[in-house]
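Visitor: For the sequence shown, position 93 matches number 299 in the numbering used here, and the numbering has no gaps at all.
Before I ask anything, here is the structure I am working with.
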Amino acid sequence: MTSASTTAISAADSTATSSSADATAERLTIRERLSYGVGDVGGNLVFAPISAFLLFYLTDVVGIGAAIAGTLLLFGRVMDGTLDLIVGTLIDKTSTRWGKARPWILFSTPVLVVSFVLLFNVPSGLSPGGKELYAFAFYFFCLGVGFVSSNLAYHTLLSVITSSTKMRVSLTVFRTFFALATTLVVNAITMPLITALGSGQSAWTGVMIGYGGIATITFAVLFLGTKERVKPAVGANNVVTMPLGIKLKKLLSNPFFFLGFGLFFLTFILQGTSGVGVYFASDVLGDPNSFGLLSVAQLAPMLLGLWFMPRVISRFGKRRSILFGTVVVIVGSIITLIDPSNLPLVILGTAIRGFGGIPAMASLFALVADIVDYGEWKHGARLDGMTYAAATAGQNFGAGLGIAIVGWVLAAASYDGQAALQAPSAISAEIFLQLWFPLIVAILTGIIVWFLNIDKYLPQIHVDLAARRSAIAVATAEGDPR
């Protein structure tokens with residue numbers, strides 16, 4: 207992105223008459239931004255334990271083989287990904303007094319929370335095949351039905367709360383702060399809590415019930431504390447009545463759709479492989495509780511740095527900020543590889559990696575909202591639900607493949623969840639997954655972001671869409687609904 211483009215964005219965002227985007231920003235109080243951000247507390251009280259601890263729970267507590275467990279979880283996430291477009295289409299067709307996204311958050315919460323608790327409560331009396339079937343079924347109900355519906359609606363909500371680029375970044379910072387804080391707390395306290403409660407099945411059940419109860423409260427705050435404002439510029443009924451085939455054609459005609467999908471895929475494949483952290487802490491560092499220290503090292507810099515991101519992104523744009531962060535992540539990854547068993551050195555490199563990840567975390571969901579705007583501007587259809595569905599599909603495929611990769615690599619390296627000591631091949635596999643894999647993903651992320659130059663189009667997009675919405679409003683007031 208050129209400096210001229212940066213100046214244009216700043217001018218467009220600071221001039222009230224240039225776009226209606228910032229008009230809605232006036233109505234977003236701190237209370238509403240907090241209510242929106244708190245939604246990611248609930249989401250990550252479910253997603254973080256599954257990402258970090260489910261594979262460990264299935265292999266070391268339930269006794270399912272690593273390769274089988276990883277494959278089951280991958281298959282479940284692939285099915286989740288196929289549901290994304292279905293749910294996204296349904297969200298686009300939803301029109302209620304609460305809007306189109308908020309009702310999905312409300313009604314998906316019971317399914318999400320109950321299935322989450324049951325997922326970590328595999329009955330010990332089942333046969334090996336029965337345990338595998340049970341784990342797969344509730345994994346699918348939790349992430350495939352509950353989480354897809356809730357999280358996709360949550361993503362969609364960002365693009366219909368406000369059309370302001372600045373406010374979307376601000377909302378993304380709020381949600382990302384709460385997401386990271388929740389993930390940090392979950393990663394830091396889960397294993398100590400499990401140990402304190404006896405390490406048995408009752409300990410896992412009790413902890414997950416606690417997480418599920420808090421998640422329910424935060425989803426209620428999200429639903430009650432937010433309001434949908436943005437309406438399509440192309441007419442109220444256009445997307446609702448548009449055939450699915452035409453929607454898909456318009457979606458696939460958006461070049462930034464593919465880049466956004468790839469970015470989500472890489473981001474969450476890395477989150478999926480985070481499940482190796484407990485194994486790495488136990489076998490390479492010698493203490494499973496050191497996983498909490500690594501989580502703090504990675505997430506604490508993000509929590510502190512997030513609040514500076516709106517100003518940084520306003521000055522340099524999303525693309526340039528993410529590219530700089532990617533270089534920092536690569537440097538941090540190289541530091542961790544100097545001595546993988548040296549805890550202080552690994553913590554230092556992990557903290558640098560966390561710092562480098564701040565721009566991407568602050569921009570990820572705001573980028574999807576920009577892609578929605580670009581599609582509406584270029585092709586005349588506002589596909590909030592389907593665009594976020596594609597992003598969520600990337601999230602599901604990435605996270606599922608990440609978890610599966612951990613299971614497959616550990617199994618291929620002769621990992622034994624019931625053994626007191628692991629084979630050298632298993633130790634090497636854990637080092638690769640924990641330290642080398644993030645470096646590879648960072649390089650691939652930089653390549654994708656290099657081509658994701660949507661920033662330069664945003665000023666004109668906002669001006670044009672504001673004009674279209676004004677024309678629709680005038681025509682509707684005069685009795686011509688267009």
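Glycine included, each C-beta is placed from N, C-alpha and C at the ideal position.
For clarity, every value in this text was computed on a predicted model and none was experimentally measured.
Out of G623, A673, A648, point me to the one whose CA is closest to R559's CA.
Guide: With distances taken between CA atoms, R559 lies nearest to A648 out of G623, A673, A648.
Visitor: Express the C-alpha separation of G483 and I553 in angstroms, rounding to a whole number.
Guide: 13 Å
Visitor: Rounded C-beta distance between P550 and L641? I'm assuming under 8 Å.
Guide: Between L641 and P550 the Cβ distance is about 15 Å, and since that is not below 8 Å, they are no contact.
Visitor: Which same chain residues end up closer than 6 Å to A557 when comparing Cβ atoms and leaving out the 5 residues on each side of it in sequence?
Guide: A503, P507
Visitor: Buried or exposed: where does I564 fall if 16 or more other Cβ atoms within 10 Å of its Cβ makes it buried?
Guide: Burial call: buried.
Visitor: For G305, write down the residues that DSSP places opposite it in a beta bridge.
Guide: T302
Visitor: Using CA atoms only, rank isn't needed, just tell me which of I519, S356, N460, E636 is closest to G492.
Guide: E636
Visitor: By Cβ distance, which residues of its chain are closer than 7 Å to S488, with the 5 residues on each side in sequence left out?
Guide: So the list reads P494, once near-sequence residues are dropped.
Visitor: Label S365 either buried or exposed according to how many other C-beta atoms from any shown protein chain fall within 10 Å of its C-beta, with 16 as the threshold for buried.
Guide: buried
Visitor: F571 and T389 look like a contact to me (Cβ under 8 Å); what is the Cβ gap, rounded to whole Å?
Guide: Not confirmed; about 15 Å, so no contact.
Visitor: Return the chain-ordered list of same chain residues with a C-beta closer than 6 Å to the C-beta of D246, the five sequence neighbours on each side being excluded.
Guide: R381, F384, A385
Visitor: Using 8 Å for Cβ pairs, my map puts M592 next to D298. What's the rounded Cβ distance?
Guide: 6 Å
Visitor: Alpha carbon to alpha carbon, how far is L573 from L457? Give it in angstroms, no decimals.
Guide: 15 Å
Visitor: Taking all protein chains shown into account, decide if T473 is buried (16 or more other Cβ within 10 angstroms of its Cβ) or exposed.
Guide: buried
Visitor: Tell me whether R674 sits in a helix, a strand or coil according to DSSP, three-state version.
Guide: helix
Visitor: Roughly how many angstroms separate the alpha carbons of A599 and G581, rounded to a whole number?
Guide: 18 Å
Visitor: Under 8 Å Cβ to Cβ from V490, same chain only, skipping five residues before and after it: list those, please.
Guide: P546, S547, I633, E636, I637, Q640
Visitor: Would you call the stretch 271 to 280 and the stretch 413 to 423 in contact, with 3 or more CB pairs under 8 Å?
Guide: no
Visitor: Between which two residues does the alpha helix (DSSP H) carrying R174 extend?
Guide: Beyond the ends of the chain as shown, which are 207 and 688, falls residue 174; an answer cannot be given.
Visitor: Looking only at its chain, what residues have a beta carbon closer than 6 Å to the beta carbon of A629, apart from the 5 residues adjacent to it on each side?
Guide: S620
Visitor: Since I423 and A359 are thought to touch, with beta carbons under 8 Å apart, how far apart are those beta carbons, to the nearest angstrom?
Guide: About 18 Å separates the beta carbon of I423 from that of A359, a gap too long to meet the 8 Å contact definition.
Visitor: Looking at the structure shown, is F326 part of a helix, part of a strand, or coil, going by DSSP?
Guide: It is coil, neither helix nor strand.
Visitor: Between which residues of its own chain and A673 is the CB-CB distance below 7 Å, once the five residues before and five after are set aside?
Guide: If we look at A673 and ignore the five residues flanking it on each side, it has no Cβ neighbours.
Visitor: Exposed or buried, what is T371 when buried is set at 16 or more other beta-carbons lying within 10 Å of its beta-carbon?
Guide: Buried.
Visitor: Can you check which of these residues, I541, R283, S520, F497, is closest to P665 by C-alpha distance?
Guide: S520
Visitor: Give me the Cα-Cα distance between G511 and F561, rounded to the nearest whole angstrom.
Guide: If I take the Cα positions, the gap works out to 7 Å.
Visitor: Since A632 is in the alpha helix (DSSP H), which residue starts that stretch and which ends it?
Guide: 630 to 637
Visitor: Is it buried or exposed for P691, if we count other Cβ within 10 angstroms and need 16 for buried?
Guide: Not covered by the structure: residue 691. The range shown for the chain is 207 to 688.
Visitor: Less than 8 Å between the C-beta atoms of R239 and S376, yes or no?
Guide: Between R239 and S376, the C-beta spacing is below 8 Å.
Visitor: What's the gap between the Cα of L509 and the Cα of G331?
Guide: 43 Å
Visitor: Once DSSP output is grouped into helix, strand and coil, what is the label at S527?
Guide: Helix at S527.
Visitor: Among R303, M373, L399, F281, which one has its Cα closest to the Cα of G350?
Guide: F281
Visitor: If the criterion is Cβ atoms closer than 8 Å, does the pair S257 and Q407 meet it?
Guide: no
Visitor: Look at the Cβ atom of C348, then the Cβ atom of F313, and state whether they are nearer than 8 Å.
Guide: No, the Cβ-Cβ distance between C348 and F313 is not below 8 Å.
Visitor: Give the single residue among G431, R526, Q601 whose Cα lies nearest to the Cα of S241.
Guide: G431
Visitor: Could you tell me the boundaries of the alpha helix (DSSP H) in which D579 lies?
Guide: 564 to 585
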